[in-house]
Structures are given as C-alpha cells and as structure tokens.
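For the sequence shown, my numbering assigns the number 2 to the initial residue and increments by one for each residue that follows. For glycine and all other residues, C-beta sits at the position ideal for the given N, C-alpha and C. The next block holds one structure in the form of structure tokens; read it before the comments.
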Amino acid sequence: MPLKKTTETTRNFVEAVAKHQGWKLNSDREFLDSIITGLTATYNNYGYFRCPCRDSWGTREKDADIVCPCEYCRPDMQEYGHCYCGLFLTADFAAGGKPPSSIPERRPENRFP
Ligand code: SF4
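What follows is the structure, encoded as structure tokens:
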C-alpha cells in the first residue's frame, strides 16, 4: 500500500492538476474541502485517488476510469463546464460565478456486469 496522504498533499495534487490543465478549482471553500477530504480517504483506503462521488469496484483495474482526474471529466467540462463532482471547472464556467449543478453520470452502468 502506498504511503498515506494528508489533506494537504491531496490539496497540492488537485491544485497541480488544475494548474497543468488550465482548469479552476471550485471556489466554495467548504465544498472544496469536502472533496479533498473524500479524495484523501479514498486514496488511503484504496491506494489511488478514486472519485469521491462514485461507487467503487474496489480494485484499481476496475476503477481505472474513475481515478481522479477521471476519464469523464474532459467531456463533462466541455459540455457542462465542470466535472461530475464539481471539483474542477473550466475558466469560462468559473468566471460566470454560478455554482456547479448536478449533471448526468457519463460512466456506463453495468461496466462490469
Ligand atoms: S468527477 Fe471530478 S473529482 Fe471526480 S474523479 Fe472526475 S475529475 Fe475527479
């Protein structure tokens, strides 16, 4: 099992991802903290940054599509301006000042029947 993460190291990770991709982080501090706490918990439970807003298959192989930043975040950001969790926002969406809303799940159901 990899070394445990702290919320600070997870915060550094999501900040680095956002900077590298040209994305913004959700500006709602409380919400952002809750997602960072969730990501930290999934890392420490599973050994990888599994999306905190989705159910897990429990293995990295089966959860590969939902390791943050997930496979679905790019199309979701193109279509809705933010990822499924509302952690990452496009610069345009962030500039609009509206909070992310609930969006449809793009991950196929019964991915591993
Ligand atoms: S929905 Fe957002 S927080 Fe969840 S894995 Fe995808 S990019 Fe990360």
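- Note on geometry: alpha-carbon atoms of GLU110 and THR10 lie some 32 Å from one another.
- Residue range 30 to 47 is occupied by the alpha helix (DSSP H) that includes ASP34.
- Non-local C-beta neighbours of GLU16 in its own chain, meaning closer than 8 Å and more than five positions away in sequence, comprise LEU26, ordered along the chain.
- Of the residues assessed, THR7 falls on the exposed side of the cut-off, its CB having fewer than 16 other CB atoms within 10 angstroms.
- DSSP, reduced to helix, strand and coil, places ARG51 within a strand of the structure shown.
- Assigned with DSSP and collapsed to three states, LYS25 falls in strand.
- For the pair of segments examined, the region 49 to 69 was found not to touch the region 90 to 101: the number of CB pairs separated by less than 8 Å stays below three.
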